[in-house]
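Below is one structure, written out as structure tokens; comments come after it.
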Amino acid sequence: MTWLVRCVIRCAPIGIFGLVASILASTGFGALWQYAHLLALLLGCMLLMALVVNPLLVFYKNPSQPLSTGLHLPARKRRDRLLYPQFCRQHSGEYGAGETSGSG
């Protein structure tokens, strides 16, 4: 069963290329223009969420430390903070020991 799924996944790009080529042959590049508009809309919405809505929510939920970048930390801790933000919040003295929930 796994072998069959692997074969289908490997052949899928060839099938998609065939479908796109047949659509381009019959309708021209005008069909791709609609997909470009859709892609621009999706990217615009993602940027709006990432650059406007998310910072506003963070500021609303945590006004004392709205956009802490961690640039004052050494390089290794900055990397760890980006990769493991929950760990750094729970176990770092910078955020306070009272934020962790545990039996104590």
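When you number the sequence shown by our numbering, it's gap-free, plus one each residue, and the end is 104.
Note that beta-carbon positions come from the ideal geometry of N, C-alpha and C, so glycine has one too.
Taking Ser26 as part of the alpha helix (DSSP H), name the residues at either end of that continuous run.
Within the sequence shown, residue 26 is the residue found at index 26, counting from 1. Per DSSP, Ser26 is one residue of the alpha helix (DSSP H) stretching across Thr2 to Thr27.
Under 9 Å, do Leu39 and Ala31 count as touching if we go by C-beta distance?
What you label residue 39 is simply residue 39 of the sequence shown in a count that begins at 1. What you label residue 31 is simply residue 31 of the sequence shown in a count that begins at 1. No, these two residues do not count as a Cβ contact at 9 Å.
Can you have a look at Cys11 and say buried or exposed, based on whether 16 or more other CB atoms are within 10 angstroms of its CB?
Mapped onto the sequence shown, residue 11 falls at position 11. Classification for Cys11: exposed.
To the nearest angstrom, how far is the alpha carbon of Leu47 from that of Arg6?
For the purposes of this step, residue 47 is identified with residue 47 of the sequence shown, where counting begins at 1. For the purposes of this step, residue 6 is identified with residue 6 of the sequence shown, where counting begins at 1. Each residue's alpha carbon lies about 35 Å from the other.
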